[in-house]
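Enquirer: Reading the sequence shown from the start, the letters are residues 3 to 212 in this note's numbering. Glycine is no exception: its CB is placed at the ideal position from the N, C-alpha and C atoms. This is the structure, below, for whatever I ask next.
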Amino acid sequence: MKDRYVYPAVFTYADDGISVEFPDLPGAFTSGDNDEEALYMAKDCLSLHLFGMEDDSDDIPEPTRASEIKTGPDQVVVLVEVWMPPVRNQLNNKVEKKAIDIVKLNKLISKYSDYTLEDLHKLKIIYESREEDNKQVGIIIVFIGIPISISLPLVNSMVMKGSVISALASSFLLVFGIGAACFLFSINNMRVIKTRKVIDMLIDKKTPKP
């Protein structure tokens, strides 16, 4: 494990900004609106990606020489240096959700980066369908499930002449159960949305530009 890493990054210039990728580290992608922001984001991306690899005990490859990297039109190679001790201290002492999300996102990108354009389009259809299904389920839970969970025990109490307090307790338990289900549902839905966005990004990256 090194404290200092230097890796070549390929900066690709377009009308809407600069995309950045590290040829030696599949899944390490970022972007910026200008050179300064792109370099800042590249250092952030590289340090977080390497931290994730260290944390997972992955083999960290040796960097390719900048002179050996082939570039296309509107591309330049930039050497990006990161000093890892403060990064490790920050993430080990206080795990920041945003940082961990970026590491997970990079791994998700790496997972699908080798898929063909055709396969990515098929995956996009699948995840768009899941996303739409989740929206429908969410609507049902909010507008049907919760009102029923509140009113049903009260109605039952009136019909059976039971205790109102008991009915309210039953309502609370039902609402709590539905709330827990909503929480788990929202986590799954966020994963679906995140995966679909990654697929969209890879499709855009792999689609030949005119």
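Assess contact between the segment 19-30 and the segment 83-91, defined as three or more Cβ pairs (one per stretch) separated by less than 8 angstroms. Is contact present?
Expert: With the cut-off at 8 angstroms, the segment 19-30 and the segment 83-91 do not touch.
Enquirer: Taking all protein chains shown into account, decide if residue 118 is buried (16 or more other Cβ within 10 angstroms of its Cβ) or exposed.
Expert: Flag for residue 118 reads exposed.
Enquirer: Any idea if residue 204 is buried or exposed, counting beta-carbon neighbours within 10 angstroms, 16 or more meaning buried?
Expert: Residue 204 is buried by the Cβ-count criterion.
Enquirer: Taking residue 49 and residue 80 to be in contact with their CB atoms under 8 angstroms, please state how far apart those CB atoms are, rounded to whole angstroms.
Expert: Not confirmed; about 15 angstroms, so no contact.
Enquirer: Under 8 angstroms by Cβ, that's how I've got residue 124 and residue 198 pegged, so tell me the actual separation to the nearest angstrom.
Expert: The pair is not a contact, with the Cβ atoms about 13 angstroms apart (cut-off 8 angstroms).
Enquirer: Report the residue from 128, 201, 75 whose alpha carbon sits nearest the alpha carbon of residue 112.
Expert: For residue 112, the nearest C-alpha among the options comes from 201.
Enquirer: Just tell me which of 75, 10, 207, 206 has its CA closest to the CA of residue 65.
Expert: Per the Cα distances, 10.
Enquirer: Nearest CA to the CA of residue 27: which residue from 6, 206, 109?
Expert: Out of 6, 206, 109, 109 has the C-alpha closest to the C-alpha of residue 27.
Enquirer: Given a cut-off of 7 angstroms on the beta-carbon distance, is the pair residue 13 and residue 78 in contact?
Expert: It is a contact, given that the beta carbons lie within the stated cut-off.
Enquirer: So what does DSSP say about residue 53, is it helix, strand or coil?
Expert: Three-state DSSP puts residue 53 in a helix.
Enquirer: Let me check one thing: in DSSP terms, what residues is residue 20 bridge-paired to?
Expert: Answer by DSSP bridge pairing, in chain order: 15, 34.
Enquirer: By the DSSP assignment, the beta strand (DSSP E) with residue 81 in it spans what residues?
Expert: Start and end: 77-85.
Enquirer: Taking residue 114 as the reference, which of 58, 63, 19, 29 has the closest Cα?
Expert: Residue 114 has its Cα closest to that of 29, out of 58, 63, 19, 29.
Enquirer: Would you identify the three-state DSSP class for residue 67, choosing helix, strand or coil?
Expert: The answer is coil: DSSP assigns residue 67 none of H, G, I, E or B.
Enquirer: Do residue 82 and residue 137 have their beta-carbon atoms positioned less than 7 angstroms apart in this structure?
Expert: Cβ distance not < 7 angstroms, so residue 137 and residue 82 don't count as in contact.
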